[in-house]
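Sequential numbering from 220 applies to the sequence shown in the working numbering. What follows is a single structure, written as C-alpha cells, with notes after it.
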Amino acid sequence: MTAVETAARKAAAGLLGRPDIAIVSRLVEPGSKVLDLGCGDGALLAWLVEHKQVEARGVEISPECVRRSIAQGLPVYQGDIDKGLADYPDQCFDFVILSQTLQQTHRPLTVLREMLRVGRRAIVSFPNFGHWSMRLSMLVSGRAPKTGLFPHEWHSSPNIHFLTIQDFEELASAENLVVERCIFLSGSRSLRWRPNLLAEVAVYLVSRSGIPG
220 MTAVETAARK AAAGLLGRPD IAIVSRLVEP GSKVLDLGCG DGALLAWLVE
270 HKQVEARGVE ISPECVRRSI AQGLPVYQGD IDKGLADYPD QCFDFVILSQ
320 TLQQTHRPLT VLREMLRVGR RAIVSFPNFG HWSMRLSMLV SGRAPKTGLF
370 PHEWHSSPNI HFLTIQDFEE LASAENLVVE RCIFLSGSRS LRWRPNLLAE
420 VAVYLVSRSG IPG
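And the structure:
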C-alpha cells in the first residue's frame, strides 16, 4: 500500500468511523456507478461522491435515514433489499455495496445474486461469527454469544444469519463467484493468518466474470 493509499484509508476511517468502510471506499474506482444497499444516512455515499466523483444511488429501509440522505442531496430511496432490485436493469452499476448488512437480510443468497445481476462487482463486508471470542463465549456460557463484535441480546439482535468467513467462501465457490479481493480485519489491523479464527470483519470484492481491476 502506498503512502497516498494509507493516508486515504486513514481519512476515510476517521470520517466514516469503521475500518471496513475505509476498505470499501478504497475498493471503489473513481468515476464509477455505485449502488449502496442499506446505505443508512448516506455517509459512505456522500464520501464517495466528494472524494471519488462516483455516480451514486442508495437503498435504505429506514424512512428517517432516507430523509437524512436526501437532505444531503443523495439519490436514495426507501426499499427492502430482501424483495429484490427489480427497479434496476442488469449490469447497470460498476459496484454494488453491502456493508455489514448481509447477516441482517432474510434471504442473503437472493440478495447476493441480485447484487451481481445489477452490478459488475459486489463489495460485501460482514462480521465474522467464527471469531475466537464468539466460539469461546458460547463454549463457556452455554448461551447465545454476546461479545463486543455481537453486543446484542439474542432476542433483540438485528442479525439473523450468523455466517463465518469459511461459510462465505464456500458459498462463493458454490455460486461460481470470482473473489477478486479479500481483506480481513482485527480492529483496524489487516491480517492474513487464520482469518476464520482471528478476523473480526471480512471485506470481499466479488464478481461473476473476474473483470480485471
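Just so it is clear, CB atoms sit at the ideal spot from N, CA and C, and this is done for glycine as well.
Query	Result
CA nearest to the CA of Ala421, picked from Val397, Asp386, Leu355	Asp386
Beta-carbon proximity list for Ser352, same chain, < 7 Å, skipping 5 on both sides	Thr366, Leu368
Euclidean distance between Cα positions of Tyr296 and Ser360	42 Å
Beta-carbon contacts of Leu424 that lie in its chain and below 7 Å, excluding the five residues immediately before and after	Leu246, Arg340, Ile342, Glu399, Arg400
9 Å Cβ cutoff met for Gly349 and Thr320	no
Counted within 10 angstroms of its Cβ, other Cβ atoms place Ile300 as buried (16 or more) or exposed	buried
Buried versus exposed, by CB contacts within 10 Å (16 or more), Ala231	Bear in mind that a pLDDT of 49 at Ala231, under 50, signals an unreliable position, so the number given afterwards is only what the model happens to contain. Buried.
Cβ pair Gly277, Asp313 closer than 9 Å	no
Start-end ranges of the alpha helix (DSSP H) lying completely within the stretch 252-324, minimum 4 residues	262-271, 282-290
Stretch-stretch touch, CB-based, cutoff 8 Å, three pairs: the stretch 322-332 with the stretch 300-309	yes
As assigned by DSSP and simplified to three states, the class of Val247	coil
Among Pro346, Leu358, Val273, nearest to Pro414 - alpha-carbon criterion	Pro346
CA nearest to the CA of Val243, picked from Arg411, Phe403, Leu416, Trp412	Phe403
Simplified DSSP assignment, three categories, for Arg400	strand
Buried versus exposed, by CB contacts within 10 Å (16 or more), Ala265	buried
Exposure of Gln272, with buried meaning 16 or more beta-carbon neighbours within 10 Å	exposed
6 Å CB neighbourhood of His380 in its chain, flanking five on each side removed	Gln322, Pro327
Top-ranked residue by Cα proximity to Ala275, from Gly250, Pro377, Pro370, Ser281	Gly250
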